[in-house]
Amino acid sequence: MIRVVIAERLHLFRSGLVALLAGEPGLAVAEAADSGAALVAACRHHRPDVALVGTELPDMPGVDAVRAVLRTERRCGVVVVADRPRPGELRAAVDGGALGFVLRDSSPTDLVDVIHRVARGEHAVDGRLALAELAAARNPLTPRERDVLAAVAEGATVGEIAGQLCLSTGTVRNYVARVQAKLGARTRVEAVSIAREHGWLPYGARDGSGRYPLNR
Numbered sequence: 001m002i003r004v005v006i007a008e009r010l011h012l013f014r015s016g017l018v019a020l021l022a023g024e025p026g027l028a029v030a031e032a033a034d035s036g037a038a039l040v041a042a043c044r045h046h047r048p049d050v051a052l053v054g055t056e057l058p059d060m061p062g063v064d065a066v067r068a069v070l071r072t073e074r075r076c077g078v079v080v081v082a083d084r085p086r087p088g089e090l091r092a093a094v095d096g097g098a099l100g101f102v103l104r105d106s107s108p109t110d111l112v113d114v115i116h117r118v119a120r121g122e123h124a125v126d127g128r129l130a131l132a133e134l135a136a137a138r139n140p141l142t143p144r145e146r147d148v149l150a151a152v153a154e155g156a157t158v159g160e161i162a163g164q165l166c167l168s169t170g171t172v173r174n175y176v177a178r179v180q181a182k183l184g185a186r187t188r189v190e191a192v193s194i195a196r197e198h199g200w201l202p203y204g205a206r207d208g209s210g211r212y213p214l215n216r
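Quick note: the sequence shown uses our numbering, first residue 1, plus one each step.
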């Protein structure tokens, strides 16, 4: 019997997963959690074989939840359930230790198959995500542009970026403008969002307020 825990913020979707898996032979839902903290507690208590983790938990990003699960129960196979194919999320989840990645509109048959494969220790990724990942390999940003944008994403000021990368402030501003033009972004915040969504920039930290402090 494969023991499964679920972490999903939306009650209706969470209940649907429980009902779906309850009818599957060989699967048992140990607990359904609505937050990352509740997920970790469930893993500690039930020691599941597989954890289904939504990407939009209220208290932590899905990638952080993946790492938290594996710190608690290293032998648990983690399946990330995402809204849409975003290569940045896929790459971050795999780097964090997830074995499976499916979309919310996957068929019940596909989801059950992924759970069984992950329980066996195999990787299982939705084919649409694999195609999106291949498309994301065509990164339009140069290494230096990525360095500047990564610093912007972390909340560094123009002056701080100039100091970190040994550039003038004018050069930094030129890089930022070039990145925005390449990505079709109106603001630096939008440039960060676009780059992350396409897998061209890893998901990183924000400032203590949870915002990107880009206007300083």
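In this text, a Cβ means the ideal position worked out from N, Cα and C, and glycines have one as well.
According to the Cβ coordinates, are residue i and residue j closer than 8 Å?
{"i": "A7", "j": "V50", "result": "no"}
{"i": "G77", "j": "A119", "result": "yes"}
{"i": "V114", "j": "L141", "result": "no"}
{"i": "L10", "j": "P108", "result": "no"}
{"i": "L99", "j": "E122", "result": "yes"}
{"i": "L201", "j": "R146", "result": "yes"}
{"i": "P48", "j": "V4", "result": "yes"}
{"i": "V40", "j": "V69", "result": "yes"}
Would you kindly work out how many angstroms separate the C-alpha atoms of residue i and residue j, rounded to a whole number?
{"i": "V112", "j": "G26", "result": "10 Å"}
{"i": "H46", "j": "A30", "result": "7 Å"}
{"i": "R128", "j": "H198", "result": "14 Å"}
{"i": "V81", "j": "L57", "result": "11 Å"}
{"i": "G88", "j": "G96", "result": "12 Å"}
{"i": "P151", "j": "Y175", "result": "One point to set straight first is that residue 151 is Ala, not Pro, in the sequence displayed. Roughly 12 Å separates the two Cα atoms."}
{"i": "P61", "j": "V189", "result": "18 Å"}
{"i": "I2", "j": "D105", "result": "23 Å"}
{"i": "L165", "j": "A156", "result": "12 Å"}
{"i": "G159", "j": "T187", "result": "18 Å"}
{"i": "N139", "j": "T169", "result": "25 Å"}
{"i": "A32", "j": "V79", "result": "14 Å"}
{"i": "E24", "j": "S193", "result": "38 Å"}
{"i": "A124", "j": "R44", "result": "24 Å"}
Which residues in the same chain as residue i place their Cβ atom closer than 8 Å to its Cβ, once the five residues preceding and following it in sequence are excluded?
{"i": "L103", "result": "V81, A82, D83, R84, P85, D126, R128 and L129"}
{"i": "D59", "result": "S35, G36 and A37"}
{"i": "I161", "result": "V148, A151, V152, L167 and V172"}
From the DSSP output, which residues share a beta bridge with residue i?
{"i": "F101", "result": "V80 and V125"}
{"i": "E31", "result": "V5"}
{"i": "A51", "result": "V5 and V78"}
{"i": "R61", "result": "The residue you asked about is not Arg; residue 61 is Pro in the sequence shown. Its beta-bridge partners are E56."}
Counting Cβ pairs, one atom from each stretch, are 3 or more of them under 8 Å apart for the stretch 33-45 and the stretch 54-65? Touching, yes, given that three or more Cβ pairs across the two stretches are closer than 8 Å.
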